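A.B. asks: Taking my numbering, the leading residue of the sequence shown gets 1493, the next gets one more, and so forth.
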Amino acid sequence: MVTDEEWIKLTNHKKKEEVFQSIINTPEYTPLVKKDWYGHDFVYLKENKESIFWTDFQHIDEYPEYLSFFPAGQTSQQIRNITEFYHENSIAEDHEFIFLTREDIDGFVNHTVHLLCEIVSQRMNMGGCML
């Protein structure tokens, strides 16, 4: 949930940039932005063959439902959907990232990891984040 909230903050901030003004409130907005969004995932996975996606995530067959409001098997199905998506799709080598840059994504990840670390540290009385 924290990651989702931070992502919404980033995308709302980005919408204020000039490059977004011509596509906001058009049918092209979501496909164009998601192409950059998922494109960064594809680049990362291509460049990081030892990432947890390749070493562990894609091999998960079953996963317990820890939240009672999810239907039985929903998390396992979502893991399969995500794995299939990243196996079956890609981004063109010459794709130009216009709406979400590598710096945007790196900044988002770094900020959100530190924020999550601080939250966990506080809740577990650990005396600070140790990243």
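Virtual Cβ for every residue (Gly too), placed ideally from N, Cα, C. Just so we're clear, the structure is a prediction, and the values are computed from it rather than from any experiment.
To the nearest angstrom, how far is it from the Cα of Ser1560 to the Cα of Met1493?
C.D. replies: Distance between the alpha carbons of Ser1560 and Met1493: 17 Å.
A.B. asks: Is His1606 near the ligand NAD, judged by its Cβ being under 8 Å from some heavy atom?
C.D. replies: What this structure holds is no ligand at all, so the ligand NAD is not there to describe.
A.B. asks: Mind checking which residues open and close the alpha helix (DSSP H) that includes Pro1523?
C.D. replies: 1521 to 1539 is the span of the alpha helix (DSSP H), which, as asked, contains Pro1523.
A.B. asks: For Tyr1558, does the three-state DSSP call read helix, strand or coil?
C.D. replies: DSSP places Tyr1558 in coil when its eight states are reduced to three.
A.B. asks: Does Val1525 pass the burial test, meaning 16 or more other C-beta atoms within 10 Å, or should it be called exposed?
C.D. replies: Per the 10 Å Cβ criterion, buried.
A.B. asks: Taking all protein chains shown into account, do 16 or more other C-beta atoms lie within 10 angstroms of the C-beta of Leu1592, making it buried, or fewer, making it exposed?
C.D. replies: Counting Cβ neighbours within 10 Å, Leu1592 comes out buried, since at least 16 surround it.
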